[in-house]
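Peer 1: Got a structure for you, written out below as structure tokens; questions coming shortly.
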Amino acid sequence: MIASFFVTLLAASALAAPTTIVRRAPSFAEIDISQTPGNGDAALAAAKSVCSDNLSAKELKDLGATAEAAENTVFAVESLSGAKKAAVQCQRDRNKDNKADQIALNQKQVAKNTGDVTNRCANVDTSLFVGSGKAGGGAAKPPADKPKADKPAKEDKPKADKPAKGDKPAAVGFASIDISKTSGGGDAALAAANAKCPSSLGAAAIKAIARAAETAEKQVFNAAIAGKSGAAKDAIQCQKNRNKVLKNQCSLVVAQLENDAAQIAENGKQVPKNMAAVDDVCPGVDTSLFV
């Protein structure tokens, strides 16, 4: 697939001028992963196969620009509703994993996009997909007017809610946000965390949730795990790891709302690490030993 991104123009004979290699921007049909079956992990794997490590930064940026242009043209969901909107939104979420600039420079957004695919794509009607209409059936055919990769449309970024001066968000009870007993692995924990701190709540409210999760980590889970061993320790460590997904994902959403690049980078590294810890510790734990 990637090889098709280049056009080699050969001289008329071996004695003519040296071979000239001309690069062209990829068409969306060549990189489309929107109908790849499976969850967020499958979408991320497909994106990585398109954005291979041997490509240059310029080539990766071209791929990202093409995917971003398609996001706002091919997968425009604003005028859709019901099952059709759900199906195309699923495709749009997969396409977000394929934005090479996000993968190379912004791992935090990849984690969110992967979670969105897992959340939205499980039960969509694939017959309503735009393109070929066959889930995983290969690249979708782009519309007659191909998206222009050089000037991708930009989505409006949500603005962080700013509480009135002197106002403080109400304290959050941990019981209302606790995801530590959520079944499943890291993907399930991320989905649960996203449900607790959607960006629509605003930065102030999400900060309160992140603080509550951090307090629980120290006062609930660290305290409970002290002196434990064996099955009891594993069970509480599983809960602690899920709570870390909540803490860092909520902190990441706040950083995105406030455009805090340093915090985005930090939490963007922590969330996948926390998800992997859930996958490592939680399978097979005795849930009767949860705190």
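Residue numbers (the working numbering): -14 to 276. For each residue, glycine too, the CB sits at the ideal point set by N, CA and C.
Closest to residue 33 by C-alpha separation, out of 243, 45 and 23, would be which residue?
Peer 2: Here residue 33 corresponds to residue number 48 of the sequence shown, with the count starting at 1. Comparing Cα positions, the closest option is 45.
Peer 1: Look at the alpha carbon of residue 255 and the alpha carbon of residue 233, and state the distance between them as a whole number of angstroms.
Peer 2: Taking the sequence shown and counting its residues from 1, the one referred to as residue 255 is at position 270. Taking the sequence shown and counting its residues from 1, the one referred to as residue 233 is at position 248. Distance between the alpha carbons of residue 255 and residue 233: 7 Å.
Peer 1: If distances are taken between C-alpha atoms only, which option among 173, 221, 239 and 269 comes closest to residue 260?
Peer 2: Within the sequence shown, numbered from 1, the residue matching residue 260 stands at position 275. Selected option, being the one with the closest Cα: 173.
Peer 1: Which residue's Cα is closest to the Cα of residue 262: 59, 225 and 237?
Peer 2: Locating residue 262 in the sequence shown gives position 277, where the first residue counts as 1. Checked all of 59, 225 and 237; the closest Cα to residue 262 is 225.
Peer 1: Contact defined as beta carbons within less than 8 Å: I believe residue 109 pairs with residue 61. What is the distance between those atoms, to the nearest angstrom?
Peer 2: Locating residue 109 in the sequence shown gives position 124, where the first residue counts as 1. Locating residue 61 in the sequence shown gives position 76, where the first residue counts as 1. That pair is no contact at about 17 Å.
Peer 1: Who are the near neighbours of residue 197 in its chain, counting only those whose CB is closer than 8 Å to its CB and skipping five residues on each side?
Peer 2: For the purposes of this step, residue 197 is taken as the residue at position 212 of the sequence shown. Around residue 197: 156, 157, 158, 159 and 162.
Peer 1: For the alpha helix (DSSP H) containing residue 191, name the first residue and the last one.
Peer 2: Here residue 191 refers to the residue found at position 206 of the sequence shown. Note, residue 191: alpha helix (DSSP H), 188 to 201.
Peer 1: For the alpha helix (DSSP H) containing residue 237, name the first residue and the last one.
Peer 2: Position 252 of the sequence shown, counting from 1, holds the residue named residue 237. 215 to 242 is the span of the alpha helix (DSSP H), which, as asked, contains residue 237.
Peer 1: Sorted by chain position, which residues of the same chain lie with C-beta nearer than 6 Å to residue 192's C-beta, five sequence neighbours on each side aside?
Peer 2: Sequence index remark: in the sequence shown, residue 192 carries index 207 (1-based). Cβ neighbours of residue 192 beyond the five flanking positions: 239.
Peer 1: So what does DSSP say about residue 104, is it helix, strand or coil?
Peer 2: The residue labelled residue 104 in the question sits at position 119 within the sequence shown. Looking at residue 104 - three-state DSSP - the assignment turns out to be helix.
Peer 1: How about residue 47: is its C-beta nearer than 7 Å to some C-beta of chain C?
Peer 2: This model lacks chain C altogether; it includes just one protein chain.
Peer 1: Would you list, in sequence order, the uninterrupted alpha helix (DSSP H) runs of no fewer than 4 residues that lie entirely inside the stretch 11 to 43?
Peer 2: Counting whole runs of 4 or more residues, the stretch 11 to 43 contains the alpha helix (DSSP H) stretches 13 to 16 and 25 to 35.
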